[in-house]
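A.B. asks: Residue numbers (this note's numbering): 139 to 239.
Even for Gly, the Cβ is constructed at its ideal location relative to N, Cα and C.
Below is a structure I'd like to ask you about.
And the structure:
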């Protein structure tokens, strides 16, 4: 299950989720859902944030502040609809203007 969680995390969050093949959904059997979510959170936290020019980086910034604002709005709508946000970073714009979330 850990390998599946790691694969889903990387597929969803690599390139900050800004690619046409990014995972948008995962269908998880209810009998293993809680365990899977724990594994997914752990796998997500192991992903490497950083400069996209660094080949070790798995998650870079969003393409713009406007893109970050759109993602934040989606998160806000999900919360308002009683979805549980599992994990968020504390990133924001950096000195170079990169839009982190």
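At which residue ranges does the stretch 190-230 contain complete alpha helix (DSSP H) runs of 4 or more residues, listed in the order of the chain?
C.D. replies: Those alpha helix (DSSP H) runs which fall completely within the stretch 190-230 and span 4+ residues are 203-218.
A.B. asks: What separation, rounded to the nearest whole angstrom, lies between the Cα atoms of residue 215 and residue 205?
C.D. replies: One C-alpha to the other measures close to 15 Å.
A.B. asks: With distances taken Cα to Cα, identify the nearest neighbour of residue 190 among 199, 208, 156 and 144.
C.D. replies: Out of 199, 208, 156 and 144, 199 has the C-alpha closest to the C-alpha of residue 190.
A.B. asks: Kindly indicate which three-state DSSP category residue 160 falls into: helix, strand or coil?
C.D. replies: Coil at residue 160, not helix or strand.
A.B. asks: Looking at C-alpha atoms only, which residue of 203, 210, 173 and 209 is the closest neighbour of residue 235?
C.D. replies: Measuring from the Cα of residue 235, the nearest candidate turns out to be 203.
A.B. asks: How should residue 181 be labelled, buried or exposed, when 16 other C-beta atoms within 10 angstroms of its C-beta is the threshold for buried?
C.D. replies: So residue 181 ends up on the buried side.
A.B. asks: Nearest to residue 152 by CA position, among 213, 194, 222 and 211, is which residue?
C.D. replies: Of the candidates 213, 194, 222 and 211, the one whose C-alpha sits nearest the C-alpha of residue 152 is 194.
A.B. asks: Quick check on the burial criterion: 16 or more other C-beta atoms within 10 angstroms. Buried or exposed for residue 219?
C.D. replies: Per the 10 Å Cβ criterion, exposed.
A.B. asks: Leaving aside the five residues before and after residue 217 along the sequence, list all residues of the same chain whose C-beta is less than 7 Å from its C-beta, in chain order.
C.D. replies: Result list for residue 217: 223, in chain order.
A.B. asks: For residue 143, collect the residues of the same chain with a Cβ closer than 8 Å to its Cβ; drop the 5 residues on either side in sequence, then sort them by chain order.
C.D. replies: Correct list, in chain order: 174, 177, 178, 180 and 181.
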